[in-house]
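Peer 1: This is the structure I want to talk about, given as structure tokens.
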Amino acid sequence: TCRPFSYNDMDLYVDKTCFFMYSADENFSLKIICSILNSNLVDLWIRYNCPELNGGARSLNKVYLEKLRIPMDNNEALQQLATLADQIITAKKNGEDTTTLEDQVNEIVYQLYGVTEQEERDAVERG
Numbered sequence: 006t007c008r009p010f011s012y013n014d015m016d017l018y019v020d021k022t023c024f025f026m027y028s029a030d031e032n033f034s035l036k037i038i039c040s041i042l043n044s045n046l047v048d049l050w051i052r053y054n055c056p057e058l059n060g061g062a063r064s065l066n067k068v069y070l071e072k073l074r075i076p077m078d079n080n081e082a083l084q085q086l087a088t089l090a091d092q093i094i095t096a097k098k099n100g101e102d103t104t105t106l107e108d109q110v111n112e113i114v115y116q117l118y119g120v121t122e123q124e125e126r127d128a129v130e131r132g
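At position 50 of the sequence shown (counting the first as 1) the number is 55 in my numbering, and the numbers step up by one without a gap.
If you want it as structure tokens, here you go:
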């Protein structure tokens, strides 16, 4: 699965086809949001809620994404996502496989959204 969201803490210039978000709040982690947005569960949500463009890509404009509810009330799970995001960023920089870390992110996201039944999770994985 292509993960369309990325985290960047360096100077960056983007063209008109790239969208970005930022936070002036030091207590708000965009790494957490990026982890959630790149999860399998949200990938499925995007396929059902964001219109398809030519070539099969999805329109990820604000008008669609702002409808996605992101649960921010489980501090322990959110901190785990932030830690995993740091580990994924480091692994990617080193050219390492991140599959196991991404699986851990998916598990936490399932918990955040209350997807507890294995059948539900299997349905998400099948898309």
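Even for Gly, the Cβ is constructed at its ideal location relative to N, Cα and C.
For residue 123, collect the residues of the same chain with a Cβ closer than 8 Å to its Cβ; drop the 5 residues on either side in sequence, then sort them by chain order.
Peer 2: So no residue of the chain qualifies.
Peer 1: To the nearest angstrom, report how far apart residue 52 and residue 64 are at their CA atoms.
Peer 2: Distance between the alpha carbons of residue 52 and residue 64 is about 10 Å.
Peer 1: Just checking my contact of residue 82 with residue 113 at CB under 8 Å: how many whole Å lie between their CB atoms?
Peer 2: Indeed they touch by this definition, with Cβ atoms about 5 Å apart.
Peer 1: Using only the alpha-carbon positions, how far apart do residue 98 and residue 109 sit?
Peer 2: Rounded to whole angstroms, residue 98 to residue 109 spans 19 Å at the Cα level.
Peer 1: Identify which residue in 70, 116 and 131 has its Cα closest to the Cα of residue 79.
Peer 2: That would be 116, whose Cα lies nearest to the Cα of residue 79.
Peer 1: So which of 71, 132, 48 and 41 has the shortest CA-CA distance to residue 155?
Peer 2: Past the edges of the chain, shown from 6 to 132, lies residue 155, and the structure says nothing about it.
Peer 1: Label residue 24 either buried or exposed according to how many other C-beta atoms from any shown protein chain fall within 10 Å of its C-beta, with 16 as the threshold for buried.
Peer 2: Exposed, because fewer than 16 other Cβ atoms sit within 10 Å of the Cβ of residue 24.
Peer 1: Which residue marks the beginning of the alpha helix (DSSP H) containing residue 88, and which one marks its end?
Peer 2: 80 to 98 is the span of the alpha helix (DSSP H), which, as asked, contains residue 88.
Peer 1: So, for residue 130: in the same chain, excluding its five sequence neighbours on each side, which residues have a beta-carbon less than 7 Å away from its beta-carbon?
Peer 2: Counting only Cβ-Cβ distances below 7 Å, and skipping sequence neighbours, we find 45.
Peer 1: The alpha helix (DSSP H) spanning residue 69 covers which residue range?
Peer 2: Taken as a continuous stretch (DSSP letters only), the alpha helix (DSSP H) holding residue 69 covers 67 to 70.
Peer 1: Whose C-beta lies closer than 7 Å to the C-beta of residue 94 among residues of the same chain, with five residues either side of it excluded?
Peer 2: Correct list, in chain order: 12.
Peer 1: Sort out for me which residues DSSP pairs residue 57 with in a bridge.
Peer 2: The partner list for residue 57 (beta bridge, DSSP) reads 63.
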